[in-house]
Amino acid sequence: MKKIAIVVQRYGLEVNGGAEYHCRILAEKLNSIYQLEVLTSCAKDYTTWRNEYDSGLSEINGVKIRRFTTAQDRNKKNSQAIERRLRKKTFLQKTLRFLGVLQTAENLLKDRNANSTKDLDINSHCSIYCTYYKHGIFVKSGGNAIQTAQHMNTQTNRKIRVGDKVTFDNDKLEAFKADTNRDNKEIQEYRKLVLAGIDQVGIVKELGVALTTVSYSDGWDLPIPTKYLIILSEV
Numbered sequence: 009m010k011k012i013a014i015v016v017q018r019y020g021l022e023v024n025g026g027a028e029y030h031c032r033i034l035a036e037k038l039n040s041i042y043q044l045e046v047l048t049s050c051a052k053d054y055t056t057w058r059n060e061y062d063s064g065l066s067e068i069n070g071v072k073i074r075r076f077t078t079a080q081d082r083n084k085k086n087s088q089a090i091e092r093r094l095r096k097k098t099f100l101q102k103t104l105r106f107l108g109v110l111q112t113a114e115n116l117l118k119d120r121n122a123n124s125t126k127d128l129d130i131n132s133h134c135s136i137y138c139t140y141y142k143h144g145i146f147v148k149s150g151g152n153a154i155q156t157a158q159h160m161n162t163q164t165n166r167k168i169r170v171g172d173k174v175t176f177d178n179d180k181l182e183a184f185k186a187d188t189n190r191d192n193k194e195i196q197e198y199r200k201l202v203l204a205g206i207d208q209v210g211i212v213k214e215l216g217v218a219l220t221t222v223s224y225s226d227g228w229d230l231p232i233p234t235k236y237l238i239i240l241s242e243v
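The working numbering applies: residue 9 is where the sequence shown begins, and numbers increase by one.
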């Protein structure tokens, strides 16, 4: 069984936060098919970073949690004072820019240094890089689409956007898979990673696809929960 470590700044049933909640749901989903640990701090509150959980190994809903103590608590008074000073500097910069002082300084830097706008234009050669991730879409009955994956660019031909209502039948599923512009051989190669890439969670009005297992090239099958539909796609 492959090992996975998920690193997040805080973790716990009492912990609020988008990244923290996403991490917990993802860890609980993957825990049955991977040897998984969550690496996190002992802090419960991000405003203080006080060590409130015990350090070391613990378990929440079957997921192993390895906690590390924070070096020091956050001094709220000092932090607020620094934030106030930064806001004042921001106001000063806006004033200087309004008066044209910063623009003069920027023009001076341009004159003294070699600059090329072509160096900044990566669009002309970005195709040689892998600028997107391949994921599976985990679609669950009972909610709207929620973004959970990195969208590196717009190379994908079809997306489910946040808030979309999605309905699938056999024809639409085949059309969706065809939109990826990938042949079956390549699809087979990354099927193993489908469950690890939860792309978006959405609503299924009609589940017309008769799928019970996903077959992998290394010979083992994984049951698909009846409430979920997994679709291969690109982001």
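Don't be surprised by glycine CBs; every beta carbon is placed ideally from N, CA and C.
Lys72: not part of any alpha helix (DSSP H); member of the beta strand (DSSP E) spanning Val71 to Phe76, first to last residue.
In the structure shown, Leu47 falls within a strand segment according to DSSP collapsed to helix, strand and coil.
The residue among Ile14, Ala51, Trp57 and Leu100 with its C-alpha nearest the C-alpha of Lys37 is Ile14.
Relative to Asn83, the option among Trp57, Arg32 and Leu104 whose CA is nearest is Trp57. Taken atom to atom, the span from the alpha-carbon of Asp53 to that of Thr112 is near 44 Å. Shown here, Lys11 sits in a strand according to DSSP, grouped into three states. When only Cα atoms are considered, Ser40 and Cys31 end up about 15 Å apart.
The continuous stretches of alpha helix (DSSP H) do not include Leu21, and DSSP gives it neither H nor E. Per DSSP, the unbroken alpha helix (DSSP H) holding Gly26 starts and ends at Gly26 to Leu38.
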